[in-house]
Each structure stands twice: as structure tokens, then as C-alpha cells.
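Protein chains in written order, with our numbering: chain A, 738 to 897; chain B, 738 to 897.
Using N, Cα and C, we set each Cβ at its ideal position, and we do this for glycine too.
Note that the structure is a prediction, hence the values are computed from the model and not measured.
Working notes, structure below.
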DNA sequence: CACAGATGTTCTGTTCTACAGACGTTCTGT
DNA sequence: ACAGAACGTCTGTAGAACAGAACATCTGTG
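As C-alpha cells, then:
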């Protein structure tokens with residue numbers, strides 16, 4: 738249809754915006770919007786060992802994480818506890834209220850996700866999610882390396 | 738690995754951030770970063786009939802588009818011309834400089850894209866791009882409807 | 001143990017972007 | 001001719017990213 742239909746960045750942006758919009762509707766008044774949901778998920782099921790680990794996992798700046806957690810804590814959904822092993826770090830754990838809220842949010846988010854993916858057949862949806870997951874795990878693992886990586890300089894130069 | 742590895746929103750966010758980061762490195766000092774590239778692409782190959790059409794296509798707010806185009810125009814990459822048929826609207830056309838710059842940017846962006854997709858095999862990359870394109874075209878077409886759509890209310894209610 | 005350096009979190013300030021609203025210009029339908 | 005709508009711009013507000021400083025705490029070395 739347009740010149741951008743096959744552009745990887747354009748397609749990614751369109752889908753990401755659609756997802757964020759649908760998700761922010763789905764979570765309602767949850768502090769932090771769609772990121773609040775991800776924080777709650779990680780706090781409930783991943784037992785993050787520190788706030789900074791959470792930041793790296795979710796791609797959120799540490800100064801932003803501070804006030805996102807402030808809001809979630811004010812809503813009694815998570816608590817910050819000093820880690821026994823290292824009192825500099827804070828363990829982020831979901832409260833009972835938070836876990837109950839997450840169960841409800843999971844249902845809503847599944848609907849939002851289905852809405853975004855509605856343009857694909859079920860087997861295509863599964864294939865897309867599988868490919869995205871594989872790529873994301875790889876990209877997330879590679880990310881810390883990227884900053885010092887020669888590849889980015891090649892990209893910047895445009896002439897490898 | 739983590740509870741979010743299979744979360745559609747998390748994978749999408751990780752990949753989108755990786756793409757934006759790689760792309761913003763690749764375009765260098767281009768005004769508007771990765772969005773400047775998309776505007777330049779659309780202006781060169783799509784002949785957008787108005788700024789607002791461009792906004793809808795790229796998912797950019799109209800007030801943001803104003804100063805993005807200001808910057809691109811200041812860099813002599815595009816020009817705004819009043820449309821002959823409707824003098825309210827502005828035709829956004831790429832200059833000769835802009836088209837030349839775009840040819841160079843295409844090479845750099847291809848490298849950035851390859852870098853982001855490096856975690857997948859070639860046939861998987863093709864499959865992913867195909868699925869994303871199909872879904873994005875659908876989502877983009879459905880987007881204007883969404884605002885008034887019953888689906889979003891169902892999502893918000895959480896109980897269809 | 002003492003101490004220098006590193007790390008985790010928070011706070012401050014700046015910048016960029018999104019978004020809502022008002023305005024002037026131009027078009028459309030009656 | 002006129003009311004209403006659409007397009008682009010400008011203004012102001014809020015959210016978020018980002019860099020840097022400050023504080024508490026840990027680690028390694030002597």
C-alpha cells in the first residue's frame with residue numbers, strides 16, 4: 738500500500754503503539770500504565786534481586802523506576818524491602834493485594850493482546866510470538882554488550 | 738528464563754527499543770532521528786497528500802510533525818509547498834539533497850536492521866518481517882476505528 | 001581494622017515528546 | 001453569503017528519558 742509497509746521499523750512502531758494504547762486502556766488506573774503491569778508481573782513471578790535488575794529487564798531508567806515504584810507502593814501493590822544480603826539494594830515484592838490485582842490484570846491484558854493480534858490467524862499469532870520471544874531474549878542478552886560493541890560504530894559509519 | 742520471556746508486550750518493547758537505539762545511531766545527526774528517516778522515506782516515495790496524512794501514517798502527533806518538518810526543512814532535506822487543490826494543506830516533498838541523503842540512510846538502516854535481527858536465522862527473519870508487515874497493515878487500517886470501537890470498552894471492563 | 005573505590009538508590013535539573021486547546025486560514029455545503 | 005469543518009501552527013502542561021550529584025552501603029587491599 739505504501740512505501741513503508743515493508744519497513745521493519747515502521748511495522749514495529751505501528752504494532753508497538755497499538756499494543757501500548759490497548760494495554761493502557763486495559764490496565765485502567767494502574768499506576769505506571771503498561772509498565773506498572775510488567776513491574777507487577779516481575780515482582781510476583783521473577784523475584785527480582787534488585788531495582789536495577791528490574792530496570793535492565795524492563796528497559797526502564799533507574800530514576801524512572803524510583804517513582805514508578807513509589808506509585809505502586811503507595812497503591813499497596815508492591816513493597817520495597819532492604820535485601821538481607823546487601824542493604825544497599827531493595828527487594829521488590831508484590832503484596833497480597835498486588836497478586837490479586839495481577840490475576841485480574843492478566844485477564845484484561847490477554848484481551849488487549851488478542852485485540853492487537855486480531856489481524857493474524859491463530860497459527861500466525863503463535864509463530865509471531867515465538868519469533869519475537871526468541872529475538873527478544875537474544876537482544877536483551879546482547880544489549881549490555883552493544884554499548885561497547887564495534888557493530889554500532891560500523892552502523893554509525895555506514896561503511897563496515 | 739524469566740516470567741516475561743513469553744509476554745508479548747515485553748518482547749515487543751525489548752525489540753522496539755533495540756531498534757530505536759540502533760536506528761538513532763545509524764541516522765547520525767539527521768533531524769528527527771529515526772522518525773526523520775521515516776518522514777524522508779514517505780516524502781520521497783509516497784507523495785503524502787498532506788501533513789496530517791503523514792501524521793496518521795507514521796503515528797506522529799500533528800504538533801510534533803510541525804517542528805520535525807521545520808527541522809528537516811531547515812536542513813534542506815524536504816520542502817513544504819501549498820497543495821494546488823487545497824491551499825490549507827501542505828505537500829511535503831523531498832529535495833534533491835533529501836533524496837541523496839535517503840539513499841545513504843537506506844544503507845545505514847539496513848545495517849541497523851540486520852544488527853537487531855541478528856538473533857534469528859535468515860528464514861526466520863523473513864518470516865518475522867512478513868508477519869509484522871501483515872499485522873501492521875491491519876492494525877494501521879483498523880486504528881481509526883478503534884477509538885469508537887466496542888472492543889476497547891470490553892477490554893477496559895475486563896469482562897466481555 | 002582502616003580506607004579507597006565501586007555499587008545501589010534517590011534527588012535535581014534539563015531536554016524531548018505527547019497531548020489538549022486556541023487561533024488563523026481555507027474549504028465545503030446550504 | 002454564511003455557518004461549520006478541516007488543516008496547520010502556536011501555546012501551555014504533563015510525562016518520561018537522561019546526565020549528574022549526593023548518600024548509604026559493600027568490597028578489596030594493606
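Below-8 Å beta-carbon distance, residue i vs any chain A residue
i	result
residue 689/B	Within the shown structure, residues of chain B are numbered from 738 to 897, placing residue 689/B beyond reach of any answer.
residue 874/B	yes
residue 801/B	no
residue 791/B	no
residue 779/B	yes
residue 857/B	yes
residue 861/B	yes
residue 742/B	yes
residue 833/B	no
residue 877/B	yes
residue 843/B	no
residue 783/B	yes
Extent of the continuous beta strand (DSSP E) to which residue i belongs
i	result
residue 816/A	815–819
residue 831/B	827–831
Per-residue burial, residue i [other beta carbons within 10 Å of its own, 16 or more giving buried]
i	result
residue 878/B	exposed
residue 825/B	exposed
residue 862/B	buried
residue 850/A	buried
residue 859/A	exposed
residue 756/B	buried
residue 784/A	exposed
residue 813/A	exposed
residue 779/A	buried
residue 811/B	exposed
residue 691/B	Look at the range of chain B in this structure, 738 to 897, and you will see that residue 691/B is not part of it.
residue 818/A	exposed
CA-to-CA distance, residue j to residue i, given in whole angstroms
i	j	result
residue 809/A	residue 802/A	10 Å
residue 764/A	residue 776/A	13 Å
residue 820/B	residue 789/A	52 Å
residue 885/A	residue 762/B	Residue placement at residue 885/A is poorly supported in this model, since its pLDDT is 44, which falls under 50; the coordinates still yield a value, given next. Roughly 13 Å separates the two Cα atoms.
residue 799/A	residue 769/B	25 Å
residue 822/B	residue 771/B	31 Å
residue 882/B	residue 781/B	Because residue 882/B sits at a pLDDT of 45, beneath the cut-off of 50, its placement in the model cannot be relied upon, and the following sentence gives the value as read from the coordinates. Rounded to the nearest angstrom, the two C-alpha atoms are 28 Å apart.
residue 857/B	residue 743/A	18 Å
residue 844/B	residue 740/A	16 Å
residue 872/B	residue 872/A	18 Å
residue 852/B	residue 833/A	42 Å
residue 794/A	residue 786/B	42 Å
residue 868/B	residue 867/A	12 Å
residue 767/B	residue 773/B	7 Å
Below-8 Å beta-carbon distance, residue i vs any chain B residue
i	result
residue 751/A	yes
residue 837/A	no
residue 853/A	yes
residue 808/A	no
residue 739/A	yes
residue 754/A	yes
residue 788/A	no
residue 864/A	yes
residue 870/A	yes
residue 826/A	no
residue 769/A	no
residue 746/A	yes
residue 773/A	no
residue 766/A	no
residue 760/A	yes
Residue interval of the alpha helix (DSSP H) (run including residue i)
i	result
residue 707/B	Lying before the first or after the last residue shown, residue 707/B is absent from chain B, which here runs from 738 to 897.
residue 789/B	788–795
residue 739/A	First-last for residue 739/A: undefined, no H or E at that position.
residue 775/B	770–782
residue 808/B	799–811
(request) Quick one: which unbroken alpha helix (DSSP H) runs of 4-plus residues sit fully inside the region 841–879 of chain A? Chain order, please. (result) As far as the region 841–879 of chain A is concerned, it has no whole alpha helix (DSSP H) run of at least 4 residues.
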